[in-house]
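Notes follow once the structure below has been shown.
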Amino acid sequence: MNYEFLIILVPVILFSLTIHEYAHALVAYRLGDDTAKRQGRLSLNPLVHLDVLGTLLLFIVHFGWAKPVPVDPRNFRNPKKDMLMVAIAGPISNILTAIAAAVILKALFENFAAIPPGSGADVAARMLVWFMYIGIVLAVFNMIPVPPLDGSRVLYGLLPDSLAYRYARFETYGIFILFAFFLFGGQFLGYFIRVPVVIFIQMCNFSPSELEIVIRAMNP
4 MNYEFLIILV PVILFSLTIH EYAHALVAYR LGDDTAKRQG RLSLNPLVHL DVLGTLLLFI
64 VHFGWAKPVP VDPRNFRNPK KDMLMVAIAG PISNILTAIA AAVILKALFE NFAAIPPGSG
124 ADVAARMLVW FMYIGIVLAV FNMIPVPPLD GSRVLYGLLP DSLAYRYARF ETYGIFILFA
184 FFLFGGQFLG YFIRVPVVIF IQMCNFSPSE LEIVIRAMNP
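Right under this line is the structure:
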């Protein structure tokens, strides 16, 4: 368990997961479902979103998850469409976080080469880079259309009712499909997620100095 992980990655991952779940809760509340609010989940406090196993694995294998936000579609005016909106809110919040981190990075760190390694400014710059990376990774991963990921709810909302009903029947097997993905398709999954990260970094149009921040942060 190294310095980079404890000081930078843990806070970034916890904050990113919190923003993701808060976005689900907020949109659900705005659309008429107060289930998450009544259970204390309409909050930016990371503690209310922590999942015991997901948090434990975060420290063991550097990968974890938060508790899913409870949503009751019966409270929505248009359950199918509104569930789509709730589902997509999480990934969108992560993309917005990544964009905000990139903007701050470009605004504050013009001469990264002059920052002493290990200094407060160095840690802040690395944290911003990881906010970009984790934000895009969470958004892309969660948009995979396999239950219980957000992408499955989005696809369900886009499908015609007859197909959506058939698709919903596979929800029970979703976790097994994901497990098989990790076991046998890890390399493809890694490539599938890395490509959007690279595209995002290219779209940021970083200067050579700013790009140095990204390279140094990703290769401690």
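The working numbering numbers the first residue of the sequence shown as 4 and each following residue consecutively.
Where a beta carbon is used, it is the ideal one built from N, C-alpha and C, also for glycine.
query, result
"Bridge partner(s) assigned by DSSP for LEU53", "ALA69"
"Proximity of LEU141 and GLY177 at Cβ, strictly below 9 Å", "no"
"Rounded straight-line distance, which links the Cα of SER19 to that of VAL13", "10 Å"
"At least three beta-carbon pairs within less than 8 Å, the segment 45 to 59 to the segment 67 to 74", "yes"
"ALA104 versus LEU9, VAL15 and SER155, residue with shortest Cα-Cα distance", "VAL15"
"Residue range of the alpha helix (DSSP H) that includes TYR170", "164 to 171"
"Exposure label - ALA171; buried when at least 16 CB within 10 Å", "exposed"
"Bounding residues of the alpha helix (DSSP H) (the contiguous stretch that carries VAL30)", "13 to 33"
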